[in-house]
Structures are given as structure tokens and as C-alpha cells.
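Here is the structure we will look at, set down as C-alpha cells.
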Amino acid sequence: LLRDLWTPLALGAHLSIPSSRVLGEPAELFAWMQQEELTTLHLTPSRASFLASGAAADASLPTIRWVLFGGEPLSYRQAAELRHLAPKARRFNVYGTTETPQVMACHEIDGDAAARGGAERTGAERDDGGRVPLGRGRDGVDLLILGPGDNVRGVGELGEICIRSPYLARGYLGDPELTRERFTDPFAAGRDDDVRFYRTGDLGRYRPDGSVEIAGRTDLQVKVRGVRVEPEEIEAQLTRLDAIRAAAVVAARDRLVAFCETDPPLDGETVRQALARRLPEALVPDTFRRLDALPLTPNGKIDRAALERLALESAPPADAVEPSFATAHGERQPTEELLAAIWSDVLGTQRIAPDDSFFSLGGHSLVASRVVAQVRDRFGVELPLRQIFETPRLNELATKIESLRDDRGALATPPLESLPRGADGLPQVAVPLSFAQERLWFLDQLDPGSGAYNMPAAVELVGTVDVAALRTGLATVVRRHESLRTTFHVEGEGGHPVQVIAPPSPPALPIVDLAVLAPTDRRREARQLATAEAQAPFDLQRGPLLRARLLRLAKTDSAATDSDARHALLLTQHHTVSDGWSTGILVHEIATAYAAAVAGRAPALPPLPVQYADYAAWQRGWLDQATVEGQLAFWRESLAGAPPLLELPTDRPRTQRVGDRGGERHRRLDERLTSRLEGLVQQEGATLFMVLLAAFQSLLHRASGQDDVVVGVPIAGRPRRELEGLIGFLTNTLVFRGRPTADPFFDRFLAATRETALDVFAHQQLPFEKLVEALSPERHLGTSPLFQVIF
């Protein structure tokens, strides 16, 4: 403020300040500038676009000699808007912050070779997204782009812009914590001078010429459907498109909404397709709205809070450029409405247009399986998973569902109904094991007392724990899920195993107090106890098959505050009654029931439509010989002649027997690579799973030298909506065969992998146990059948 007010006065110039009324009307603002005969303008790019929108085609400001842009990223298009209005002016992009008493960097646009070459007028062709750089730091100023660990980023890599200069404020008055956060110099060691350091919170990158380009703000970053998004990066691409003067992108209800200043009005689908060629699918806005002018704050910057409020409104404005929600008859058809409700449920998206693509809204293979289950439940038809890939748009898929409803051959699998139960709520008939349970039961008979199929989980509890409420929460979940009260007994002369479900009873929760130990001993003892608990065997006949143990790591009375208290809840289940999906349900429901017990109320858990025993009986009844044969026809053809073993190079001979020793390798893909992968996904019409599976099989091909690679892939195995909230062993394993050398080009192998995946998912109902039984591959004690590697 001092700089802007006193600099012109100190130089003997006249300072003109428009009224708030004039600032709000572009035509009046332009007329006022002409009347004042201004020589210097200092304004934000948003205000420049606002000003240009109120000027006549032949209007100009001939007295303007200097134009300074600042406060926001500047595009060449925005800079060009004032070129014909102020033809005699020199234009500069300047950079500074409230914490800097003067400009830290500047770049003269008219000295930019790219601008002189015409790219200023057609910013769409610039590799940098049409952004005007900030230039380099002025004398005595270093602009540093720092990434994680305060490492200087390379050319083109995104990082935080930090300023090193003597010309900085010394901190924030009365806020030492924020001062330490923003003004701490990571390079100060061994230096004794007046040079200071400031973290601006601006995102930027180095250009090849050493200048800095701003890319947005770290505090504007949003997360949409699990993807981190820089709205200003999308805005830069939007302003490269013809006829879009300015743009702003905000997140609302897990969707991206783009507001555009355009003239004439644009078609939303045209804009979407243009962006899809430049951005990964996850970064393409879901909705496009046209505004005559973006709302601005009093200091001329985009008013993002106002845009967020506008984005949250239930109905789009009359001149929205998103695709229309109406059908040819003026409103949606019932099938389309129901399908939109299903998409909204599984994607967490509130508003879905008829021509929205399932995958552009964040869908993938696993979510598509949930859609199939809900379509079966709501429409009574069996929708092939492949159909969602072939007709991903809402209106097209709704039309396909209508045709399936007219086809009696497409009727869904038989309904999943509850077994008859007595007054105690327990089944009145013998309950068979599911096929997956039967396999694990058989393995337990061969090797009793093994912990190979234990499923351990450890949950850290921070703060005071109400042990009585925790016991109540555990008891609530055990009472709710019959699988957690199940054991396995042998019936009849043939030794046929059945499920035996016990009446509800409170589970044991022993407490081990480790808080009395020294910190080092406490950590070591906690690890040992957790390991021993995870490895301790279960007795499948006697049970229980869920164990819980509470480790007290720091007592409340010995902690500085209640929040310093620490506990660890160890939960161990046997795989016969649970799976990975179920573990998430278990932890969530214990937490919900615990919170309710602490508050003295009943937990808000929805009733379970079926129990695992119902599923096991349904699976046995549905997968009769005719159904199994229909599924097996595909698998026999798919796996005919597949190699029985993946010959990976090893540093020692393979053991003669399968043991329980295994390993995992974890590799985290960075954000830039993930973004490129998502771009490939969108380009090839695949999913991220398909791309990574193709890459993984290609890697195994190179490691083994085999041209035919078979891997196993676990899936949730919950084909019906009633099973989504159930604790039980529902996971199935699918077999994926790939021939990476059938075509040396990866995109072609990816296309083949996509087709394989769709075919496999269409035949996922057959349990892996039945597949092995039917194919009867040659068995070896040292290897597992069909595949030896899980992806």
C-alpha cells in the first residue's frame, strides 16, 4: 500500500483513485481513465480483462506509457488485450508480495522475442501454456524454486517460489510461529549477513532461459476424486483456447467447475474435447459455465469464494455452456434418472449430465463393478462390465440397459435370500462352506497350526480411551456379523465341513500395559507383541476367529495432555471369515460403535440385508453344473497351453515345497509420472489398472525371457450390492494371461490387455478353487497352480 500510494507522489506525479462504483462498471472505468489522462497503470490481469471488456473496438488510452501487471499469473492473451488499448505503452509483468517492499522481479513483455514473433496473439501454441514469465530476480534478489527437502528444482519442475534478498520484511508482528514457518532460511548455516529468506506460497518453475514462470498458489491446490489438482494450471490451458478471454476453476462437491469469459458462447463439449487433448482426464473440468465477467475482489483479483458459492448452486445459470440436462422430450427418461443416481452413489458426484462419461467422472474397473451390482439390483438385468467401457456415456448406457430389459436372456443371477432362521436368529439348516472357505479349511487340515492365513491389523488410538466403550463397540460388531462368530465342524461319515455360528457373546479384550517401560523398551516390546499376535495360529473348530488385544503405550495420567495418551488396538482375523475389504469394514464399524457408546446412544449402522452364511448357500446353489460349465468354456480356451511356471531368475534353487515365506515390493509413482499415465489411460480408452498390468507383464517377460506370462489378480468378489457392507471371505482371484511379444509396440499390447481384462471380468463369477479343480493342472509341492506371481 505504501509503495503504490507514495511512489507516484514522491516523483511529483498525480495519483488517481477510482470510486468503488466506477471500479464495478468496465465501461465507466474505461471512460474515467480517458478523462484522467493516466500515464501509468498498475493492475491485475483479471482487472485488465475486465477493463478490456468495457472498451469499444476502436477505443484507446493514448496517454498510457507504462502498464504494470501483477498479483496473478499473466497470460500473453491478457497482455495483448491492453496492447491495442494502450499502443504507446511499455508493458511489464512484475512480481512482489506484501512481505516485499519493492518489486522482486520483472519481465518486459514487449522485449519478449516470442511476443514480437506473434505468439502473444496466439498463446495457444506456446509450450509454456501462454504464461508470461516473471523474469529473473532484480539485483540483490534470488528467486529459488524449491521442492521437498528444500532441494532446488530442475528446469520445468514445479516447486515453491522462495525469495532470498535483503529487501524483505523481518516477519509477522505478534506471530512468531508463522514467522518461523515463512522466514526460516534453510541455507543460512555459516552465513553472517543481512540477506533474508521468504517462502512465498507461490508455485513456479524455471524456464530453459533461467527465468521463472509462476504456476499458481500452493494454498489453491485442491484434491478431487483422489487427484491433486492445480486449478491455475487448468486455467492456463483454458485461456489458450480461442475466444476464452479469462477463466477460473474451482472445486465443488468433488467436481471441477470452470467459469469462462467468452464471446460468443461456446459449446461445453467442444471445450471439454479441446482440453482433453492437452490435459489428463482427471484434470478436465466436469462443468463449464459462461460468465460475462469473472467476479473480482476489491483489489482486482478473481473472487474465488464467490465462484465457489456459484458452483455449489443446484442449477446452472441460464447461459451455462455445459451440455444440457434435458432430453429431446424436455426431461430425463426414468432409466437415465435411475442410472444417474447409481453413478452419483458410487462416484460421490452430485450432478451428472446425460453425455457425461463414466471414466471422465473418476470411474475405474472396481467402481464399474459396483455399478454392475446396482444395475442388477435396480433393473433386474445382467449388465456386462465390458458394456460400460464400450458405452461410457450416461445416455448411451441407459439405452443399452433398456434393450437388456427387453431381452429375457439377460436376466440377472438369482436373488440372494436369507436362510430360514430360528427365534435365536441363527440358521435352522446346515450351512455349507463357500468355495473359498473350503479351500482354506482343506489347507488347514494339511498344515494345522499355521499362521499363514492370519489377517492382522493394528490401529493406533490417540487420546484417552474408554475401554468399556471399546469393548461395547467390539461386541456390537461381533453381534452384527455372523462370520465373526463362525467356526468349522465336520459332519457325517464323509467328513463334510459345515459352518457353525455361535450365539452373540462379548469378545475378549485383554489389555497389556507397556506404559511402565522405558520408551525404547516399550517400542521393542510393542513390536514383538504385535508380531506374535499376528502369527499365533487359530483353531478353526474351536474359535473364535477374531482376536483383539489393547496395548497401552502411554497412560493419560503420565502424559502432558489427554492427546498425548497412546494405545494400539491389535485385531487379527483368520482369512476364512474375512478379507481385505472386510478389514476396512471392521475398523470403521468398531469406530462408529465406540463413538456411539461413549455418547450413550445406539450406533447408526445400517441393517445388513444378508449374512455370510446366506452368501455361501446362495453361491453353492447358483453355481450349479450348467453355470460352471458355461464359465469354464471361456477359461479352458483362455488358458489352453499356458505355461505352468514363470521361470524368473533366482539366486538359489527353487525349494521343493511351498512355504509361508513371501515378500512384497513397494514403489511409489511420483505425481508427474502418474499424470502422464492418466493421460495414456485417457488416450487409449483403458483404465490405470490395465496400463499397469500391461507394464507389469512386460517387465516379467523381460525378466524371465518368456513370451507367455500368467499372473493372478485378486478382486473384491462382491458382485451384488447386498454384499458391499458384509464381513466375510468374498475375495476371488482371477488369472490374466498376456503375450507381451505378440506385438512389440506397447500401445498394441495395452489394447490386447484391455480386451483380456474385459473378458476376464465378464467371467469373474467362477471361484478360483473351482477353476483349479476343473482344469486339474499338474501339481507340484514347490509351486502354486496356474500362476506364481500376484499383481
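Residues in the sequence shown are numbered from -19 upward in steps of one, following this note's numbering. C-beta: ideal position from N, C-alpha, C; glycine also. Please read these numbers as outputs of a predicted model, since none were measured by experiment.
From the listed residues L377, E370, L346, R373, the smallest Cα separation to V361 is found for L377. When C-alpha distances from V638 are compared across L406, G665, Q768, the shortest belongs to Q768. Counted as a single uninterrupted DSSP element, the stretch harbouring E702 is not any beta strand (DSSP E), since DSSP gives it neither H nor E.
Contact annotation: G453 and A285 have beta-carbon atoms that are not nearer than 9 angstroms. N131 carries a coil assignment under DSSP once its states are collapsed to helix, strand and coil. Taking the CA atoms as reference points, E471 sits about 44 angstroms from G580. About 6 angstroms separates the Cβ atoms of E758 and P624, confirming a contact at the 8 angstroms cut-off. Taking the Cα positions, D739 is about 22 angstroms away from A416. The three-state reading of DSSP puts F741 in helix, counting H, G and I together. Nearest Cα to E249 within the set T267, Y56, A262, R258: T267. Annotation: A11 to N73 spans about 24 angstroms, alpha carbon to alpha carbon.
DSSP places I214 inside the alpha helix (DSSP H), whose first and last residues are 211 to 218. Less than 9 angstroms separates the beta-carbon of G136 from that of R185.
The beta carbon of L619 is closer than 8 angstroms to those of V690, V715, R717, L755, L766 in its chain, skipping five residues each way along the sequence. For T19, the three-state secondary structure derived from DSSP is coil. Separation of the CB atoms of P265 and A238 is rounded to 4 angstroms, and the pair is thereby assigned contact status at 8 angstroms. Pairing D727 with G76, the inter-Cα distance amounts to about 46 angstroms. Going by beta carbons, Q553 and L525 fall inside the 9 angstroms limit. Counting along the chain, no alpha helix (DSSP H) covers T466; the unbroken beta strand (DSSP E) around it starts and ends at 466 to 471. The C-beta separation of P53 from R111 comes to about 6 angstroms, placing the pair in contact by the 8 angstroms criterion.
Counting every other CB atom within 10 Å of its CB across the protein chains shown gives Q367 a total of 16 or more, marking it as buried. At the C-beta level, W421 and F468 come within 9 angstroms of one another.
The straight-line gap separating the alpha-carbon atoms of V693 and W615 is approximately 15 angstroms.
Around the CB of V496, fewer than 16 other CB atoms lie within 10 Å, so the residue is classed as exposed. The Cβ atoms of T315 and E382 lie closer than 9 angstroms to each other. Here the segment 6 to 20 lies against the segment 40 to 57, with 3 or more beta-carbon pairs under 8 angstroms apart. Fewer than three beta-carbon pairs drawn from the segment 451 to 465 and the segment 496 to 511 are found closer than 8 angstroms, and the two stretches are therefore not classed as touching. DSSP places R45 in the coil class of the three-state scheme, outside both helix and strand. When rounded, the separation of the alpha-carbon atoms in G117 and R187 is 14 angstroms.
By DSSP's assignment, F72 forms a beta bridge with L48, E88. For E61, the enclosing alpha helix (DSSP H) covers residues 56 to 61. Taking L365 as the centre and dropping the five residues before and after it, the same chain places the C-beta of A348, S349, V352, L738, F741, A742 closer than 7 angstroms to its C-beta, in chain order. Secondary structure at I565: helix, using DSSP grouped into helix, strand and coil. For I282, the three-state secondary structure derived from DSSP is strand.
Annotation for P477: the continuous beta strand (DSSP E) segment containing it runs 476 to 481. A Cβ-Cβ contact shorter than 9 angstroms links V229 with L236.
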